[in-house]
Structure formats: structure tokens, C-alpha cells
Amino acid sequence: MNEVRIPLHGSGQSLYVAHEKVYPREIDGRFTRLRTLSAWVLLGVFYVFPWINWHGRQAVLFDLPARKFFIFDLVFWPQDFIFLTWLLIIAALSLFFVTAVAGRLWCGYACPQTVWTETFLWMERVTEGDRSARLKLDRGPWNGEKLLRKSAKQVLWVSFALWTGFTFVGFFSPIRTLATEAMALSLGPWETFWVFFYGFATYGNAGYLREQVCKYMCPYARFQSAMFDKDTLVITYDQERGEPRGARKRGTDARAQGLGDCIDCTWCVQVCPTGIDIRQGLQIECIACAACIDACDEIMDKMGSPRGLIRYTTQHALDHKPTRILRPRVLIYGGLLSALIVGFVVTVAMRSPVSLDVIRDRNSLYRLTDDGQVDNVYTLRILNKTEKERRFELEVDGEGEFTLIPDKRVYVVKSGEVYSTPMRVRRPAYEPLGPQTIEFELKSLDDESIEAETEARFLAPTR
Amino acid sequence: MNQPPAERTSDTHELGQRARAIATVFWSAFLAAALATMLCFAFIDPEAWRNGEPPGWWGTRLHVYAVGFFFFWLIGLVSAALCWQLSRGAR
Chain A
1 MNEVRIPLHG SGQSLYVAHE KVYPREIDGR FTRLRTLSAW VLLGVFYVFP
51 WINWHGRQAV LFDLPARKFF IFDLVFWPQD FIFLTWLLII AALSLFFVTA
101 VAGRLWCGYA CPQTVWTETF LWMERVTEGD RSARLKLDRG PWNGEKLLRK
151 SAKQVLWVSF ALWTGFTFVG FFSPIRTLAT EAMALSLGPW ETFWVFFYGF
201 ATYGNAGYLR EQVCKYMCPY ARFQSAMFDK DTLVITYDQE RGEPRGARKR
251 GTDARAQGLG DCIDCTWCVQ VCPTGIDIRQ GLQIECIACA ACIDACDEIM
301 DKMGSPRGLI RYTTQHALDH KPTRILRPRV LIYGGLLSAL IVGFVVTVAM
351 RSPVSLDVIR DRNSLYRLTD DGQVDNVYTL RILNKTEKER RFELEVDGEG
401 EFTLIPDKRV YVVKSGEVYS TPMRVRRPAY EPLGPQTIEF ELKSLDDESI
451 EAETEARFLA PTR
Chain B
1001 MNQPPAERTS DTHELGQRAR AIATVFWSAF LAAALATMLC FAFIDPEAWR
1051 NGEPPGWWGT RLHVYAVGFF FFWLIGLVSA ALCWQLSRGA R
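Chains as they are written, first to last, in my numbering: chain A, 1 to 463; chain B, 1001 to 1091.
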């Protein structure tokens, strides 16, 4: 009788099994509290940040119409795109690093899919009751109570999803203006579309798809095992201690009955949001949320057995071998990560506050004047990334006698403005012969430390 | 306590092989489109195409971003669908 296992899925004949709705049982415990805390912090950041103002503007705003990203004191321009890429690489490496050391912490505690699913589950619990009540409700006939409870859930879900969509758009378009427009029902077509698009995605992913997102849609879930080794922290059932599993009376000596510590209460299965049995070993579906640890600890406490039949541990520890935290994989990820972070901070801090572009007019080669000079036409673009209005002067340098037309001009550029104007560069036509590269230097007249340089091609007759 | 998992119902959404393939095609194309849109418009400013002329049918930057996103999604869909079709092999 001890060999009875809980069948989790269908026959296993087909690659695609029918999906079974999972009804996770709610549980309390150390890791559940940690997960709740993490959800509060992350959701707080998401829903509150767009409303914070900073120096008279929205603190965090990815202003796509104006092509500027504001993150508190930092302003990023399209020219700073490298930093965004850099940041994404840092994020990816952090994920690799954390995964190598501690497994799928991201999935269990920080992934938006997990956080929103838990929030939606909480709303389901408030309206439809606990696990058994939900099961009963779903199996029962449609009556007044079922209708009431289900509609209450839908009202909560839909409003929360729409609020989420609205907040999401608020990261890209000033949220206070957006709120005023939403009140007056005068949102623009694209804003409306994205509010509903993101709202619908939240509703579908957190309300219905849930663990299927992790199982079928998430790219990370597919490749995370590549970062695992036998020293990685995983959530495991201690087979040696638990088996053979079976029911017993409290206070009886399990060993005398030939039983392990697992009483086969299936709580670990019932609490699992992805509907797996952790006792079958590490599975790709496991998002490492540790709900089964909390469930099992509670049962072990009741049975008077030590906690940790299901626990965070490593494969090496289970095999009674020493676990090494510092190993080549961790050192390489860690080293790369620190170098990238330090480099990022230093580079952002030393970012040039002004950018200069000199773009040759592609429609003309060059123009010879009557007095033996050659002219090239350019578009000058100055971007002032400082918070003040600046006055700039431009100089040109290269082999030959160059003059700028207009010469000695002072360009006044407002804060955050991209100043664009046509200009010409002139030199004697045959000294030297042929095309060359010339250098432009832009200097601020208000602050000598603010300067920028760039190069451009200058075309001239070759004979 | 050898109860089978009677607490589970299997009447809910069931995705067949075809449905799942279609979902995968849409989803992978979506991810690629998001990346492509970000990269593309980080380097290309739609306003710069106008050269100071009044906005045409494409309107503001936001419209161009959105249209660009759906365009990339469409391209991604074609690629992913083709990939799925070809990887199934000839019957």
C-alpha cells in the first residue's frame, strides 16, 4: 500500500496532455511570508512609482513621444541606448548568477507572472473561499451563490487588470495627465488600446493561464537548467528520510512500522501552484516558490518530527557530499557581473552632458565657388542633456584652412533641446587635394568642462 | 490516505496540439517583435524622416512605434509559422 503514488497527469501517451485546473491550497509559513512581502514591495514599486514626482516631473517616466527616459535624477536619451542594453545584460547575468547559486529564486519570488498570479489567487480566495470551497463551487450547479461569487471575482479581476494596464501606460505617458484624460473619457486611441491590451494580458495570464505561462511560454524556464549544477540550491524532498511513505497514527514509531517520515498527506501537492508532486524529484514545472516547504514543515511540526523533509538543499548535500558555493561557474558569473556593474556606474556618472552630430548633406557632393574655394553643406545637431540653458561655440579642424559659415556663431541650446541647423564648411579647393576627414569641437561658453567632439567627411575635387 | 487526486477537475481549457503550436508561433513572434521595436526605434527617430514637414498619414511618433511593433510582429509571425510548418516535415 505504500507504493501508491498520486497520478499527476494523463496517461503519458501523448506529448500534449489535457490541462487540469490547479486549485492551490493556501498555506502560511516562513517562505510564504517572504513571498507575500516580496509581492507587496514589487507591486508597490509598480503601482506607486509613476505617481511620485521629482523636481517637477514624473520621477520614473519612459517618455516615448519625447524620446527621453527619466529615472529620478538620471535622464537617458536615444544616444544613451548603449546604457539600456548594458542594463539588460546586467539583468540577464544577475539572473544567471542567482540561478547558479540559489536556483529559481526569480520564479518563486520576483517574477511578475508569479506576483500577479498570487494577487489574482488572493482575490479568488476572497470571493470564492478557500481551496475546498472553490472546488465545491466549480463542481456545483450554477445557482445564485455561484453566480454572485463568480461575478464578484470577475469584477475584482477586471478592475485590477484595468488598473494594471493603466499604470503600465503611465510609465510611458505622464500618468497624471492620463488620469485626467481617463476621468474625462478622452484617452487617445493608442493609450486606450495599450491600457486594454496590457490589462487583458494581466487578466489572462494571472487569472487563467497561470502556471501554464511558466510551463509553455517562459523562455527562462526552458534554459535555466543549464545554469544548474549539483551545488545549486534546489527545493527537494528528502527521499532517504521520507520513504517509504505512508499513514500512521500520531505518536507511533514510524521506524518500527517500517515507514519513513512522509505521512503521504499530499499537502505538498495541494499547495503547489503548478500542480506537481515535489516527491517525484526536481521537475521543470517547479518554480521554487517553497509553498511545499511551508506545508510540509507545518505537518512535521504536528507530527512531532523535525522540519525539513522538504527543504532548500543541494544535490551534493543529499548525496552526503560537501557543497561548494565558490565554484568556477559562480566565480565567472560573479566576476563578470561585478565588472559590468562597476563599469556601468562609472560610465553613467561620467556621461558627456552634451552630444554633437555633424551630418553631411547627402544630396550634394561639394560646391566650388568663383574665388577658388570649396563648400560642403552639413546639418549641425546639438543635444543639451544638462538641466540648464547653454551657449556653445563650434570649431573645425583638419588639414587646410577651414572656415565655418556662419563663423564665430554662438548657439544657444535650451535644456533637453535638440538644436538643429544647416551650416557650411569652406576651404581653398586644391589645398589639399581630394576628400578628407575633419574634426568638429563644441565648447560651452558657460562651463569649460562641457564639450563634445565629432568627425565628418569633407569632400573636395581630386584634381 | 491513498486518495486519488479527486480534487482536480479536467473540464477546463484544453489546448490541442494545433492550438498550442499557434499560441507558440504568436508568442515567440511577439517577443521578437518587442525586441526589434526597441532596437529599431532606439536608433531611428520617426520625426527625423519628416524633415520639418507637417505630419503625414503616420501621425506622431507613438503611432509609428505602434505600427512598427505590429509590422515586426507580422514579420515574426511569418517566420515562426514557416519555421513550424517546415519543422513538421513533409507528409
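Where is the CB? At the ideal position from N, CA and C, for every residue including glycine.
These figures come from a predicted structure and were not determined experimentally.
For Met123/A, there are no C-beta contacts with chain B under 7 Å, since the nearest C-beta of that chain is about 18 Å from it. Ala290/A carries a coil assignment under DSSP once its states are collapsed to helix, strand and coil.
Nearest neighbour of Asp73/A by Cα position, chosen from Gly56/A, Tyr430/A, Thr36/A, turns out to be Gly56/A. Phe1043/B has a beta carbon lying within less than 9 Å of a beta carbon in chain A. Contact annotation: Val158/A and Tyr208/A have beta-carbon atoms that are not nearer than 9 Å. Membership of Glu455/A in the beta strand (DSSP E) is indicated by the continuous run 451-458. Look at Arg1061/B: its C-beta is under 9 Å from a C-beta on chain A.
Residue pairing of Asn384/A in beta bridges, as defined by DSSP: Val354/A. If you look at Met423/A, you'll find it isn't in any alpha helix (DSSP H); it sits in the beta strand (DSSP E) that goes 418-428. Residue pairing of Leu404/A in beta bridges, as defined by DSSP: Val425/A. Below the 9 Å Cβ cutoff, chain A contributes Trp190, Phe193, Trp194 as neighbours of Ala1066/B, in chain order.
Your pair Glu211/A and Gly281/A does not check out as a contact, with CB atoms roughly 18 Å apart and the cut at 8 Å.
Along the stretch 98-134 of chain A, the alpha helix (DSSP H) occurs as fully enclosed runs of 4 or more residues at 112-128, listed in sequence order.
Pairing Val169/A with Val195/A gives a Cβ-Cβ distance under 9 Å. With a threshold of 9 Å between beta carbons, Trp1073/B makes no contact with chain A. Residue environment for Gln270/A: buried (at least 16 other C-beta atoms within 10 angstroms of its C-beta).
By alpha-carbon distance to Asp294/A, the top candidate from Thr266/A, Phe160/A, Gln58/A is Thr266/A. Following the DSSP letters along the chain, one finds Gln283/A in no beta strand (DSSP E), marked with neither H nor E.
The beta carbon of Ala206/A sits closer than 6 Å to the beta carbons of Trp116, Thr117, Phe120 from its chain, once the five residues preceding and following it are set aside; these are given in chain order. For secondary structure counted as the beta strand (DSSP E) over 3 or more consecutive residues, the stretch 129-176 of chain A holds no complete run. Bridge pairing for Ser444/A: Phe392/A [DSSP]. For the C-beta of Leu64/A, the chain B residues within less than 9 Å are, from N- to C-terminus, Phe1041, Arg1061, Leu1062, Tyr1065. DSSP places Ile310/A inside the beta strand (DSSP E), whose first and last residues are 310-313.
The beta-bridge partner set that DSSP reports for Gln58/A consists of Asn53/A. Your pair Arg427/A and Glu401/A checks out as a contact, with CB atoms roughly 6 Å apart and the cut at 8 Å. Annotation: Leu433/A to Tyr1065/B spans about 45 Å, alpha carbon to alpha carbon. At least one CB atom of chain A sits nearer than 9 Å to the CB of Trp1027/B. Residue-level contact by beta carbon holds for Tyr216/A and chain B, with a gap shorter than 9 Å. Taken in chain order, the members of the stretch 77-88 of chain A whose beta-carbon sits within less than 8 Å of a beta-carbon on chain B are Pro78, Phe81, Leu84.
Taking 9 Å as the cut-off, the Cβ atoms of Ile278/A and Gly103/A do not count as close. Within the DSSP secondary-structure output, Gln257/A pairs in no beta bridge.
Within 8 Å of the CB of Arg33/A, no CB atom of chain B is found; the nearest one sits about 25 Å away. If you look at Leu1062/B, you'll find it isn't in any beta strand (DSSP E); it sits in the alpha helix (DSSP H) that goes 1061-1087.
The stretch 310-322 of chain A makes no contact with the stretch 138-147 of chain A; the number of CB pairs closer than 8 Å stays below 3. When Pro328/A, Arg360/A, Phe228/A are compared, the shortest CA-CA separation from Thr313/A is found for Phe228/A. Between Phe172/A and Gly199/A, the gap from beta carbon to beta carbon reaches 9 Å or more.
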